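With mature numbering (1 follows the signal peptide of the UniProt record, and there is no 0) as the guide, the letters of the sequence shown map in order to residues -28 to -1, 1 to 533. Beta carbons: idealized from backbone N, C-alpha and C, even for Gly. Nothing here was measured: the structure is a model prediction, and the numbers come from that model.
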Amino acid sequence: MDTSKMLSQCVLVFAAAVAIVSYQSIEASQDTEENSSKKPESTIFFHHTYEEMVSLMYEVNKACPEVTRIYNLSEPSVEKRNLTVLEITENPGVHVPGKPEFKYVANMHGNEVVGKEMVLYFLVALCEEYKRGDKLANFIVSQTRVHVLPSMNPDGWQKAYKELQEKGEAGWLTGRANANDVDLNRNFPDLNAQIYENEKKHKGRNNHLVKVENTIANDKSLQPETRAVMRWFAEIGFVLSSNLHGGDLVANYPYDETRSGKMQEYTACPDDHTFVYLAKSYAYFHATMADPERPPCDKDGDNKPITNGGLWYSVARGMQDYNYLNTNCFEITLELGCKKFPAASELEKYWLDNAAAIYNYVLQTHIGVKGFVKSVDDTPIANAEIKVRSLATGFPIDHDIVSLEDGDYYRLLGNGYYHIQAKAEGFHPRSKCIRIENNIHVGVPSYDLRPATQMNFTLNPTKLPQESDKKEDYNCERLWNEVQMETQLEDRELLVSVLSYLQPQTKWSLLADQLSTLELYSLLAEALKELNPDQMREVLERLPHAVQEQLELVISAHMSK
């Protein structure tokens, strides 16, 4: 762990301490029957019942009324418990154009409880640190609209907690499902099958695949909790999200459902490069998730800090892929520990392990590029498609996001060179190029805490002639030349060597003079696709980081087709 990370951990430990002191002054709003006498009065670190959870959220609201709001989703759970959300931001209750929306969703599986407690502690700490004038907390609250749903499955939590009280432990599956015995993470529309078919035919939408209300009306298997969050996702233009689980210690990213139908197979989505970046932004700021010496949760498993969902095990109808395919939101799944329902005495350690990562992941809402799409008369253009192509590989990233009602858009992107186009019906498209260099994380100096680079688009209606933009054309050409220069001579010899190793029957040393560097990258990507995932990783791990990044971009583009 580097010095800046250790410093940031100390700051966040202090935030937790402040939260504990603050919580000590809270008088219990009501007595509960679930063994409340065993809860230490001097600490926040215990398992909050549903009533205590909601009470704590209201205490945060009371402590920070000017920057918080509490609301319930459109439907309660099967057993009529509200799905309660706390929002924390300056000017709560409204979407501010240019300010991205973030969400944490925890306790989707009712017996996986660590995430629920972590996001509750996060709310307390963020409120207290904001009041104290902390610059990190101030940046998050002023520049991000944060929504936290601590329990998506309060009925399942209640069932698991009851068994814990009666038997001393909760079963591995007790309370996982909702009160109708439905696993909520297998209950969303199966959009993967649709997107995979679109990929094969090279036609059809690559985003926002179904209308939410039509789907809810036609699919009677959808549970009230699922319906509620689907409407929530459609109502708010979320940019980034995490779904917090338990039972392992890893950051998992899309796709969750394999293309081939195999139980385990690396299944890259078009934004694989960016999702790897996002998964690492949590894993490498967690105290132990990325520690190569930590024992795996499963003796027959591994201890890798991040994993592609399909490579881990295929999940159909999951919430992670639904977010990606039917909204603008990028979501990863975080498994926060080997134990699903640990002892209350362990919760403080869990918080100290997760605190820096929880803060750091919120900051990633500000990577990539954002801006506004407007017409020449300054009218916002909603539902404009934001299309991206990698300048390094020449391939498009076949996943578009769309602008919101006020014309604002937010496009998360990992580091790299990109060609970005705004396209809307009735308007000429407009393109610009940019180099993305993300450097926002816990531990950076406060002056480096800044929103994503802004790139605005002004579109001419098709009834008027399209105006050329020589300045942008020049900028794109300049950046294209820059990325080519960066990957030219040094890479070529290495690429030829790797190709010769993988395909010794081909005389690559003779063919190389007839191929561009980009063509060599593409051919190597094709060769790597012939390997199994373990062999592919072994080859990639031997390459310099810069070459790995270029190959990841090319492989992502190839595998998404």
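- Inclusion of residue 121 and residue 29 in the CB contact set at 8 Å is not warranted, their separation being larger than that value.
- Annotation: residue 269 to residue 36 spans about 39 Å, alpha carbon to alpha carbon.
- Selection 286, 349, 182 and 53 evaluated against residue 233 yields 286 as nearest (Cα-Cα).
- If you ignore the 5 residues before and after residue 78, its C-beta comes within less than 6 Å of the C-beta of 87, 88, 91, 122 and 216, all in its own chain and listed in chain order.
- Where residue 430 is concerned, the enclosing beta strand (DSSP E) starts and stops at 429 to 431.
- One alpha carbon belongs to residue 157, the other to residue 411, and they sit about 33 Å apart.
- Distance from the CA of residue 292 to the CA of residue 483, rounded to the nearest whole angstrom, comes to 43 Å.
- The beta carbon of residue 439 lies closer than 7 Å to those of 432 in the same chain, with the five residues before and after it left out.
- Counted as a single uninterrupted DSSP element, the stretch harbouring residue 307 is not any alpha helix (DSSP H) but the beta strand (DSSP E) occupying residues 302 to 309.
- Contact check for residue 200 against residue 397 fails: the beta carbons are separated by 8 Å or more.
- Counting C-beta atoms within 10 angstroms of its own C-beta, residue 356 has 16 or more neighbours from the protein chains shown and is therefore classed as buried.
- For residue 510, the closest of 492, 487, 474 and 526 by C-alpha to C-alpha distance is 474.
- In this chain, residue 416 is not harboured by any alpha helix (DSSP H), its DSSP state being neither H nor E.
- For residue 405, the enclosing beta strand (DSSP E) starts and ends at 402 to 408.
- Closest option to residue 338, judged by alpha-carbon separation, among 295, 413 and 316: 413.
- Segment contact: the stretch 352 to 370 against the stretch 386 to 406, three or more CB-CB distances shorter than 8 Å; contact assigned.
- By alpha-carbon distance to residue 415, the top candidate from 498, 145 and 333 is 333.
- Setting aside the 5 residues that flank it on each side, residue 296 is surrounded in the same chain by 226, 241, 302 and 303, each with a C-beta closer than 7 Å to its C-beta; the list follows chain order.
- The DSSP assignment places complete alpha helix (DSSP H) segments of no fewer than 4 residues inside the stretch 267 to 302 at 281 to 284 and 291 to 298, in order along the chain.
- Residue 40 is positioned such that its CB atom lies no closer than 8 Å to that of residue 50.
- When DSSP states are grouped into helix, strand and coil, residue 16 belongs to the coil group.
- DSSP, reduced to helix, strand and coil, places residue 394 within a strand of the structure shown.
- Note on residue 212: 16 or more other CB atoms within 10 angstroms of its CB, so buried under the neighbour-count rule.
- Three or more Cβ pairs closer than 8 Å define a contact, and the stretch 186 to 196 falls short of that threshold against the stretch 317 to 327.
- Going by C-alpha positions, residue 428 is about 5 Å away from residue 344.
- Per DSSP, reduced to three states, the secondary structure at residue 489 is helical.
- Under the DSSP assignment, residue 228 falls outside any alpha helix (DSSP H); it carries neither an H nor an E label.
- Under the three-state reduction of DSSP output, residue 158 falls in the helix class.
- Scanning its chain for C-beta atoms nearer than 6 Å, with the 5 sequence neighbours on each side dropped, one finds around residue 288 the residues 162 and 229, in chain order.
- When 53, 58 and 27 are compared, the shortest CA-CA separation from residue 42 is found for 58.
- A straight line joining the alpha-carbon of residue 489 with that of residue 463 spans about 8 Å.
- Residue 342 places its beta carbon 8 Å or farther from that of residue 430.
- According to the DSSP assignment, residue 50 belongs to no alpha helix (DSSP H), since it is labelled neither H nor E.
- Runs of the alpha helix (DSSP H) lying entirely within the stretch 72 to 132, each at least 4 residues long, are 86 to 104 and 107 to 115 in chain order.
- If you ignore the 5 residues before and after residue 71, its C-beta comes within less than 6 Å of the C-beta of 117, all in its own chain and listed in chain order.
- Residue 256 sits in coil when the DSSP states are folded into three classes, being neither helix nor strand.
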